[in-house]
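Enquirer: Quick one: structure below, then a few questions.
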Ligand SMILES: [Ca+2]
Ligand SMILES: [Ca+2]
Ligand SMILES: [Ca+2]
């Protein structure tokens with residue numbers, strides 16, 4: 005009898021897990037609720053935020069609900085929105101970079117570049133967010149104290165102009181899907197490599213758009229694969245969908261079991277298109293270090309997955 009009850013509980017738990025991971029869908033454009041998290045002038049894309057009601061009657065924030073307004077901003081390597089623009093890593097005075105506290109004694113430094121936005125958590129603590137949410141592309145450095153093992157958890161967002169539809173007016177198309185990408189190099193205080201972004205990280209998407217046809221999405225438990233979907237631009241998108249999944253409340257915690265997530269996919273510099281981006285090329289010494297060349301990582305779809313959580317643990 006007890007065995008049956010336990011079996012029933014296990015079954016219910018796995019069924020609820022299945023339902024919890026089911027995608028919610030939205031159709032068409034979201035309503036703009038913020039015209040831009042920052043104002044960086046006409047040469048930038050406004051980092052607008054929108055809201056849209058989904059088929060399960062919940063309000064979804066696009067491209068992501070963030071801590072931008074309240075969180076400390078990461079220090080600049082290169083920031084054309086009124087920030088520092090270093091020409092190489094040798095110009096960086098590390099001692100001038102704020103030392104943040106993730107609750108420990110050992111000192112680390114992390115170099116980060118996101119297309120377009122990141123929020124960095126270490127051992128469950130939100131340390132810093134990307135100071136430029138959309139464009140121009142920028143790069144950052146974060147110095148912090150923590151104890152090993154380190155759980156690095158990053159909320160990464162491919163920002164969007166057409167809110168809810170993961171796309172921008174470019175390449176002659178009104179709804180042209182843009183791509184993401186995240187690269188980072190973590191060092192100790194002696195500049196030894198502690199971690200780089202690579203396929204050992206875990207990656208899960210929580211917002212995938214635009215979907216011309218929802219049926220192209222392979223969504224089952226922790227598999228959220230949009231690679232069969234059409235990524236070409238379009239001029240009409242009113243019928244296109246976004247797919248949304250709830251972030252687990254503890255996604256950034258060391259206790260969160262990310263072994264259920266897919267491994268990160270890696271992408272070349274060329275694929276992410278950084279060869280003419282000074283925010284990246286000025287710092288190849290840390291992003292393409294000989295012997296510790298960090299990969300760009302993302303979920304399985306660099307184009308359609310727009311809000312992605314990336315995690316790794318460093319012993
Ligand atoms: Ca950015
Ligand atoms: Ca995208
Ligand atoms: Ca690299």
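In the working numbering, the protein residues as written are 5 to 319. For each residue, glycine too, the CB sits at the ideal point set by N, CA and C.
Pull up the distance between the alpha-carbon of residue 69 and that of residue 154, whole angstroms please.
Expert: 25 Å
Enquirer: How about residue 273: is its Cβ closer than 7 Å to a heavy atom in ligand 3?
Expert: Yes, ligand 3 has a heavy atom inside 7 Å of this Cβ.
Enquirer: Mind checking who residue 311 pairs with in its DSSP beta bridge?
Expert: Answer is 161, 211, bridged to residue 311.
Enquirer: Can you tell me which residues fall inside 5 Å of ligand 3, judged by beta-carbon distance to its nearest heavy atom, and keep chain order?
Expert: So the residues near ligand 3 by this Cβ test are 291, 292, 297, 298.
Enquirer: With a threshold of 16 other CB atoms inside 10 Å of the CB of residue 176, please say whether the residue is buried or exposed.
Expert: By the 10 Å Cβ count, residue 176 comes out exposed.
Enquirer: I'd like the span of the beta strand (DSSP E) that includes residue 199, first residue to last.
Expert: 197-200
Enquirer: Relative to the alpha-carbon of residue 89, which residue among 195, 197, 142 has its alpha-carbon at the smallest distance?
Expert: 142
Enquirer: Do residue 310 and residue 162 have their C-beta atoms closer together than 8 Å?
Expert: For the pair residue 310 and residue 162, the CB atoms are nearer than the 8 Å cut-off.
Enquirer: If I measure Cβ to Cβ from residue 84 and keep anything under 6 Å in the same chain, skipping five residues before and after, which residues do I get?
Expert: 140
Enquirer: Of the residues 275, 227, 59, 192, which one's Cα is nearest the Cα of residue 185?
Expert: 275
Enquirer: Between 107, 112, 108, 106, which lies nearest to residue 98 when the distance is taken from Cα to Cα?
Expert: Relative to residue 98, the option among 107, 112, 108, 106 whose CA is nearest is 112.
Enquirer: Any contact between the region 43-56 and the region 92-109? By contact I mean 3 or more CB pairs, one from each, below 8 Å.
Expert: no
Enquirer: To the nearest angstrom, how far is it from the Cα of residue 320 to the Cα of residue 282?
Expert: There is simply no residue 320 to check, as the chain begins at 5 and stops at 319 in what is shown.
Enquirer: I want to check one thing, is the minimum distance from the CB of residue 137 to the heavy atoms of ligand 1 below 7 Å?
Expert: yes
Enquirer: Pick out whichever of 305, 315, 39, 87 has its Cα sitting closest to the Cα of residue 214.
Expert: 305
Enquirer: Run through the DSSP bridge pairs and tell me what residue 181 is partnered with.
Expert: 171
Enquirer: Give me, in chain order, the residues of the same chain whose beta-carbon lies closer than 6 Å to that of residue 75; leave out the 5 immediate sequence neighbours on both sides.
Expert: 130, 133
Enquirer: With a threshold of 7 Å, establish whether the CB of residue 43 neighbours any heavy atom of ligand 1.
Expert: no
Enquirer: Residue range of the beta strand (DSSP E) that residue 276 falls in?
Expert: Careful: residue 276 lies outside any beta strand (DSSP E), inside the alpha helix (DSSP H) at 273-276.
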